[in-house]
Structures are given as structure tokens and as C-alpha cells.
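Have a look at this one:
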């Protein structure tokens, strides 16, 4: 399977125009099974989602996991998870995070057609180093009460170094996957976007997607990871 993490900046591109069709075109280039999105909703008012639902469902065959608490939103605190046929959602949760600004994480449990279960958590961590560390601890505390199944955390970590404050806290428990510089799109130098995986997730490929479209669709480039789910006997 392929999972993508993408901070779409409310569908506003480098030309400062909101063109959600560019985001959809980038996803069509990448063909992910699961998309973990950040900044998918507008920040003010009704927090309306910025992606066209009709095109998502009819053309690309994506559905949103039901994490939103507002009628017009795609996600929660801007975090959303989309998925295609081949997996089904069995449970969703919203994870409250300590923060000086509105932040949260979203948790979605999936099951494949063959019955294998896995867990995806979407995050957008704080700008402040100390707060990111507190958020990492809160997420680890949440994971301890979750079923021990293959787990992927994906999102915008807001960390300029490979092992920033949050990643150092995660590293003893989870493998930190940093595909490469994904910000700023005009001159990518910072690996803000990354994945974390448990040992029963086998990563087969990962990277930063650069194309004519992705180079102008958002201020972040999307990252991707191809993976297989290992059965319990394969990890012993």
C-alpha cells in the first residue's frame, strides 16, 4: 500500500490562489491508498473544508474518515485522513494535544480486505519545541492504550532537524522515516513532514514527490511511503 502525508495549506498555492483541483491532480499523480492531510480546512468561521467532495469521491474514489466535529469541515483542527476502496474504517478517535494554539491529532483504525488491521494517526505538531515534546508524549500515552497492531503516524512535525524534540521522544519506540526536505516548496530545505512506524510495518519505498503540479500547489511538497503489513509471526 501507499500512504501520503500532505500539508495542503488550505488548497492555497504559491500564487496565493485557492485551487483545490491542483491538490487533487497531485494526488492523482501519486495514487496513494491513504492520504493524511494537514490544513485541509479553513481556519476561521465554519472551518469549511477546501477540497471538492464530488471530485474526490467520483473521480479519485476517496472518502474522508469521519473525524470532523463541524458540519462543513473535512477534518479536525485541519487534520484529515482519506482512504480508497480496499480498506475499511473500523474506528476513529480524536486525540487532544497540549498546545498554546488549536492542535490535535486524528486516529483511524483500518482493516484490509484480507482482514488485517492497522492504525494510522495524523498529526500537525506545534511550532514551539517544548510544546512539540509534550505533544509527542501525549501521543505515546494514547498509543499505549491502543491495540498492538501495525501503526503509522504521519504528518507535519514542524521539525527542521532529522531528530528534533518530538522525534527524539518517538525514536525509542517507533522508527522515524524522514523522506527528505519537503518545505518550502520553492526551495526545499527542511524535512518538516515525516512518518513514524512500528516494527510490524515494512517500509519498501519512500520519498518526496516533486512535479510541475506539486511545485506550486502548496508551500509543502507531499511525502509518500510504500509499505507492507507484517503478520505477528514475521516480527518474532
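In this note's numbering, the protein residues as written are 11 to 246. Built from N, CA and C at the ideal position, the CB exists for glycine as well. Owing to the predicted nature of the structure, the values given are computational and were not obtained by experimental measurement.
- The alpha-carbon of residue 237 is positioned some 33 Å away from that of residue 81.
- Boundaries of the beta strand (DSSP E) harbouring residue 105: 97-106, taken from the DSSP string.
- In the three-state DSSP reduction, residue 68 falls in the helix class (H, G or I).
- In the structure shown, residue 77 falls within a coil segment according to DSSP collapsed to helix, strand and coil.
- Using a 10 angstroms sphere on the CB of residue 64, the tally of other CB atoms stays under 16, which defines it as exposed.
- Here residue 127 is bridged, per DSSP, to 121.
- When the beta-carbon positions are compared, residue 115 and residue 98 stay at least 7 Å from each other.
- Judged by DSSP secondary structure, residue 36 falls within the alpha helix (DSSP H) whose first and last residues are 30-40.
- Cα atoms of residue 74 and residue 173: separation of roughly 31 Å, rounded to the nearest angstrom.
- Residue 164 has its alpha-carbon roughly 22 Å from the corresponding atom of residue 32.
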